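S.K.: The structure under discussion is supplied below as structure tokens; questions concerning it will follow.
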Amino acid sequence: MLLVEVMNAFQSLIVKHCRLQCVFLKAKTPEQRAVVDLDTHYSQEYLEEYVGHKTRRSVLYQEYVKGISATGMQSSYEFDGQINACWTHNMSRTEIESIRVAGFPVSVIHGRHDVIAQMCHAQRLAEQLYPSSRMVELNGGHLVSNERTEEVKN
917 MLLVEVMNAF
927 QSLIVKHCRL
937 QCVFLKAKTP
947 EQRAVVDLDT
957 HYSQEYLEEY
967 VGHKTRRSVL
977 YQEYVKGISA
987 TGMQSSYEFD
997 GQINACWTHN
1007 MSRTEIESIR
1017 VAGFPVSVIH
1027 GRHDVIAQMC
1037 HAQRLAEQLY
1047 PSSRMVELNG
1057 GHLVSNERTE
1067 EVKN
């Protein structure tokens, strides 16, 4: 089974979530960046679940701040590269066709609450890869594989 992620992300983010994009660009501290990352990576439902006596948001926030503090904020050069990758990421017809006819099943997995990549991009990819593909919509955000690990594995 091949897992194909959809990344026509930043285009969707700009059009649909301008406010969120502005917050993302304004995040100048590890704490601010952690808040933005959590809100863009995960569904609100997942973040509000309790892990012991704390919400998952609280636990992940501490982990994100610690990680960002240890590695430093993303440089403008890195950010520009990420933006470029999101804007220019594409699969050619030849690449899609070679995957489609390769003879193995493909699952296009997408989170229903993904605020970065729109569902329509995943659906279009699944349609292009048909009959080798199946579209799998899971209750989760952009990092649906982190939220619904068992469902993704199955």
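So the mapping is simple: the working numbering equals the position in the sequence shown, first residue as 1, plus 916.
From the three backbone atoms N, C-alpha and C, an ideal C-beta is built for every residue, glycine too.
Here the structure is a predicted model, which is why all the values come from computation and not from measurement.
CA-CA distance, Val1060 and Pro1047?
M.R.: Going from the Cα of Val1060 to the Cα of Pro1047 covers about 24 angstroms.
S.K.: Thinking C-beta only, is Tyr962 closer than 7 angstroms to Glu1067?
M.R.: No, the pair does not count as a contact, with Cβ atoms beyond the cut-off.
S.K.: Here's the rule I'm using: 16 or more other beta-carbon atoms within 10 Å means buried, otherwise exposed. How should His969 be labelled?
M.R.: The residue is exposed, with fewer than 16 neighbouring Cβ atoms inside 10 Å.
S.K.: Apply the 10 Å Cβ neighbour rule to Asp996 and answer buried if 16 or more other Cβ atoms are within range, or exposed otherwise.
M.R.: By the neighbour-count rule (16 or more Cβ atoms within 10 Å), Asp996 is not buried but exposed.
S.K.: Based on the DSSP output, what are the partners of Met1051 in its beta bridges?
M.R.: Val1024, per the DSSP bridge assignment.
S.K.: Spell out a yes or no on whether the stretch 980 to 989 and the stretch 943 to 952 are touching, meaning 3 or more CB-CB pairs, one atom from each, closer than 8 angstroms.
M.R.: The answer is yes - the stretch 943 to 952 touches the stretch 980 to 989, with three or more Cβ pairs under 8 angstroms.
S.K.: Please list, in chain order, all residues of the same chain as Ser1049 whose beta carbon is under 6 angstroms from its beta carbon, the five residues on each side excluded.
M.R.: So the list reads Val1022, Val1024 and Ala1042, once near-sequence residues are dropped.
S.K.: For Thr1004, count neighbouring C-beta atoms within 10 Å of its own C-beta (all shown protein chains included) and say buried if the count is 16 or more, exposed if not.
M.R.: Looking at its Cβ environment, which holds fewer than 16 other Cβ atoms inside 10 Å, Thr1004 is exposed.
S.K.: Under the assumption that Gly1057 contacts Tyr958 (Cβ atoms under 8 angstroms), give the Cβ distance between them as a whole number of angstroms.
M.R.: Their Cβ separation, rounded to whole angstroms, is 4 angstroms, which keeps Gly1057 and Tyr958 in contact under 8 angstroms.
S.K.: Grab me the residues of Val931's own chain with a C-beta within less than 8 angstroms of its C-beta, minus the 5 sequence neighbours each way, in chain order.
M.R.: A caution first: Val931 carries a pLDDT of 47, below 50, which makes its placement in the model unreliable, though a value can still be read off. Same-chain partners within the cutoff: there are none.
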